[in-house]
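If you want the numbering used here, it's the position in the sequence shown, counting the first as 1, plus 794. No residue lacks a Cβ here, since even glycine has one placed at the ideal position from N, Cα and C. It should be emphasised that the depicted structure is a prediction, and the values quoted were computed from it without experimental measurement. Below is one structure, written out as structure tokens; comments come after it.
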Amino acid sequence: MPLQKSAAKTKSTYIFLLVTGIVLVAFNLRPSITSVGPLIGMIQENVGLAHWSAGLLMSLPLLVFAAMSPIVPKLANRLTNEKTLLLGLIFLFIGITIRSIPMTFFLFTGTLLVGAGIAIGNVLLPAVVKDKFPQKFGLMTSVYSTSMGLIASLASGVSVPLATGLHLGWQGALIVWGIPVVAGILVWTFLLKMNQGSQNGIKRATSDSTLIWRSSLAWQIAIFMGFQSFLFYVTISWLPEILHSRGMSMGTAGWMLSFTQLVGLPASFFIPVIAGRFRSQVWIAFMLSLCSVFGYGGLLLGSSYPILITSITLIGVGLGGMFPLALSYIGLRARNANQAVELSGMAQSTGYILAAIGPLFIGYLYDLTHIWTVPLTTLIVISIIMMVFAMLSGRNRFV
């Protein structure tokens, strides 16, 4: 009996640390990106970056995500999940540290490492949850996707106060986000030591990893992931400018961007839980996509505050629910953890190519027309295309 109690206690400690480790990885997947935007003016002035270089600095992590995502499953099959996640956190910490040196070379080199570290966490987290919590997949996806959204919006809001209010400068404001990375490294190092045998590690894939690229359902999920990423990063990049063109001050428009992310948090939490209770998620995909269609439609047609606030709320709910729904599909449409990591790598590679293109493409359309009518119409069309692929992905099938 004492041995059984000791084993049960060890297992419960392991589960607690595992959940803590998953949340800490989620905490570190966005702040290193969302904290840069508000500080980009200070960085430009201090380092002497041209506008195009500043734009590249913002897009670079997304390009690294796209390039790195297909490589991560192969790395995980060699090293195990835990070791690969730990490696990603180490890359992230080194990147955050190097990036804070006020020289162009270190700024871009650090950003590359930040992108590589985050890409590993992006791809592996759905597979970790599928492997460790197959019966609680929806709930755990809710926990970590909501954690991501919360810390991302917080990082956007506190960057300038950290830099100016606490006199940390842009370097200090960026390096602050190394603190949760260190916490994550410590927890995952401890988890490696507690590893309870082979069942806690990722096993080598027994099937040809190229098969996932031949699955029509996998491509439907990948395209859905791509278009929801496209809409999210376009909104993050251009919503304040769109609202400013509708008569809102830039200060208020900035707060509205934070509101857009915060209003989506309830959807971010509840959508994976609801999705996990149904075999088909078609109706969920339809309703969330409709929020995006009506949200961007409201920005196109209205300029009064009530219409703008309603539109922002609909966009926030739509985007807040779509990302965790895409993550849920990775687990729900895969039969096992190996398949989930392959699907995650494929879908996120496609997704971040579109995400990197999105802000540049929409900005180019605005430069051509000098009004937001054509860009907003494009976003409505993309929302409808996203709806189609979200609904196709939501059918009760496996890749």
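Alpha-carbon to alpha-carbon, ILE1176 and LEU1025: Within the sequence shown, the letter at position 231 stands for residue 1025. Within the sequence shown, the letter at position 382 stands for residue 1176. Each residue's alpha carbon lies about 8 Å from the other.
Would you be able to state if there are at least three C-beta pairs under 8 Å between the stretch 1132–1139 and the stretch 865–885? yes
How many whole angstroms separate the CB atoms of ALA957 and GLY951, which I take to be in contact at a CB cut-off of 8 Å? Counting from one through the sequence shown, the residue named residue 957 turns up at place 163. Counting from one through the sequence shown, the residue named residue 951 turns up at place 157. Actually they are not in contact, since the Cβ atoms of ALA957 and GLY951 sit about 12 Å apart, beyond 8 Å.
Within 10 angstroms of the Cβ of PRO1169, are there 16 or more other Cβ atoms? Answer buried if so, exposed if not. Translated into positions along the sequence shown, residue 1169 becomes position 375. Counting Cβ neighbours within 10 Å, PRO1169 comes out buried, since at least 16 surround it.
Could you check if TYR938 is buried or exposed, using at least 16 other CB atoms within 10 Å of its CB as the buried criterion? Here residue 938 refers to the residue found at position 144 when the sequence shown is read from its first residue. With a threshold of 16 other beta carbon atoms within 10 Å, TYR938 meets it and is buried.
Buried or exposed: PHE1021, going by 16 or more other Cβ atoms within 10 Å of its Cβ? In the sequence shown, residue 1021 corresponds to position 227, counting from 1. Burial call: buried.
State the DSSP-derived secondary structure class of HIS1038, mapped to helix, strand or coil. Locating residue 1038 in the sequence shown gives position 244, where the first residue counts as 1. The answer is helix: DSSP assigns HIS1038 an H, G or I state.
Within 8 Å, do at least three Cβ pairs link the stretch 903–913 to the stretch 840–856? At 8 Å Cβ cutoff, the stretches touch.
By DSSP, does MET1180 sit in helix, in strand, or in coil? As a working note, residue 1180 is residue 386 in the sequence shown. In this structure, MET1180 counts as helix in the three-state DSSP scheme.
Residue interval of the alpha helix (DSSP H) (run including PRO867): What you label residue 867 is simply residue 73 of the sequence shown in a count that begins at 1. 866–873 is the extent of the alpha helix (DSSP H) around PRO867.
Own chain, CB closer than 8 Å to PRO1034, minus 5 neighbours either side, in chain order: Translated into the one-based positions of the sequence shown, residue 1034 becomes position 240. If the five residues before and after PRO1034 are omitted, its C-beta is found closer than 8 Å to the C-beta atoms of MET1044, ALA1047, GLY1048, MET1050, LEU1051, all from its own chain and listed in chain order.
DSSP three-state label for MET897, please. The residue labelled residue 897 in the question sits at position 103 within the sequence shown. Coil, per DSSP.
Specify whether the stretch 963–976 and the stretch 890–897 touch according to this definition: at least 3 beta carbon pairs, one from each stretch, less than 8 Å apart. yes
Give me the residue from ASN916, TYR1027, PRO955, LEU833 with the minimum Cα distance to LEU1211. Because the chain here runs from 795 to 1193, residue 1211 falls outside it and cannot be looked at.
Assess, as a yes-or-no matter, whether the stretch 941–950 is touched by the stretch 815–825 under the definition of 3 or more beta carbon pairs within less than 8 Å. They touch, by the three-pair rule.
Please go through the same chain and pick out, in chain order, the residues whose beta-carbon is closer than 7 Å to the beta-carbon of VAL1067, but skip the five residues on each side of it. Looking up residue 1067 in the sequence shown gives position 273. The answer, listed in chain order, is GLY932, LEU933, SER936.
Is the distance from the Cβ of ILE816 to the Cβ of VAL976 below 8 Å? Indexing the sequence shown from 1 puts residue 816 at position 22. Indexing the sequence shown from 1 puts residue 976 at position 182. No, the Cβ-Cβ distance between ILE816 and VAL976 is not below 8 Å.
Enclosing alpha helix (DSSP H) for GLY1125 [first to last residue]: Within the sequence shown, numbered from 1, the residue matching residue 1125 stands at position 331. Counting along the chain, the alpha helix (DSSP H) containing GLY1125 begins and ends at 1099–1126.
How far does the alpha helix (DSSP H) with THR958 in it reach, from first residue to last? Looking up residue 958 in the sequence shown gives position 164. No alpha helix (DSSP H) contains THR958, which DSSP labels as neither H nor E.
Flag this pair as touching only if the stretch 875–885 and the stretch 911–921 have three or more C-beta atom pairs under 8 Å; answer yes or no. yes
Neighbourhood of ILE1156 by C-beta distance below 8 Å, restricted to the same chain and skipping five residues each side: Walking along the sequence shown from the start, residue 1156 turns up at place 362. For ILE1156, where only same-chain residues beyond five positions count, the Cβ hits under 8 Å are VAL1028, SER1031, TRP1032, PRO1169, THR1172, LEU1173.
ILE1106 beta carbon less than 8 Å from that of THR1144: On the sequence shown, residue 1144 is found 350 positions in, with the first residue counted as 1. On the sequence shown, residue 1106 is found 312 positions in, with the first residue counted as 1. Against a cut-off of 8 Å, the Cβ pair of ILE1106 and THR1144 comes out as no contact.
Cβ-Cβ distance between TYR1272 and ILE1015 below 8 Å: Residue coverage of the chain in this structure runs from 795 to 1193, which leaves residue 1272 outside it and unanswerable.
Taking its Cβ as the centre, do 16 or more other Cβ atoms sit within 10 Å of ALA999, making it buried, or is it exposed? To locate residue 999, count along the sequence shown from 1; it is residue 205. Low confidence applies here, because ALA999 scores a pLDDT of 43, under 50, leaving its location unreliable and the question unanswered by this model.
Whole-angstrom distance between SER1009 and LEU1093, CA atom to CA atom: Locating residue 1093 in the sequence shown gives position 299, counting from the first residue. Locating residue 1009 in the sequence shown gives position 215, counting from the first residue. Straight-line Cα distance between these residues: approximately 37 Å.
Quick one: Cα of TYR808 to Cα of PHE859, how far? Taking the sequence shown and counting its residues from 1, the one referred to as residue 808 is at position 14. Taking the sequence shown and counting its residues from 1, the one referred to as residue 859 is at position 65. Roughly 30 Å between the two C-alpha positions.
Hey, could you find the ends of the alpha helix (DSSP H) LYS987 is sitting in? Working through the sequence shown from its first residue, we reach residue 987 at position 193. Per DSSP, LYS987 belongs to the alpha helix (DSSP H) from 973–988.
Hey, could you find the ends of the alpha helix (DSSP H) ASN1132 is sitting in? Position 338 of the sequence shown, counted from the start, is the residue given in the question as residue 1132. Where ASN1132 is concerned, the enclosing alpha helix (DSSP H) stretches over 1131–1163.
Whole-number beta carbon distance between LEU873 and SER947, since they are thought to touch under 8 Å: Looking up residue 947 in the sequence shown gives position 153. Looking up residue 873 in the sequence shown gives position 79. 32 Å between Cβ atoms; not a contact.
Let's test the definition: count the other Cβ atoms within 10 Å of the Cβ of ARG1071 and tell me whether it reaches 16, buried, or not, exposed. Taking the first residue of the sequence shown as 1, we reach residue 1071 at position 277. Per the 10 Å Cβ criterion, exposed.
Spatially closest choice to PHE1063 from ILE912, HIS961, TRP1077, LEU1121, by CA coordinates: The count along the sequence shown starts at 1 and reaches residue 1063 at position 269. It is LEU1121.
Nearest to HIS1038 (by Cα), restricted to the options SER1098, LEU985, ILE1178: Position 244 of the sequence shown, counting from 1, holds the residue named residue 1038. Of the listed residues, the one whose Cα sits closest to HIS1038 is SER1098.
Using a Cβ-Cβ cut-off of 7 Å (strictly less than) and excluding sequence neighbours within five positions of ASN1190, which residues of its own chain qualify? As a first step, residue 1190 must be located in the sequence shown, where it is residue number 396. ARG1073, SER1074.
Roughly how many whole angstroms lie between the Cα atoms of ALA1134 and VAL1193? By one-based count along the sequence shown, residue 1134 stands at place 340. By one-based count along the sequence shown, residue 1193 stands at place 399. Rounded to whole angstroms, ALA1134 to VAL1193 spans 9 Å at the Cα level.
Among TYR1158, PHE1080, GLN965, TRP1077, which one has its Cα closest to the Cα of VAL758? Missing from the structure shown is residue 758; the chain here goes from 795 to 1193 and no further.
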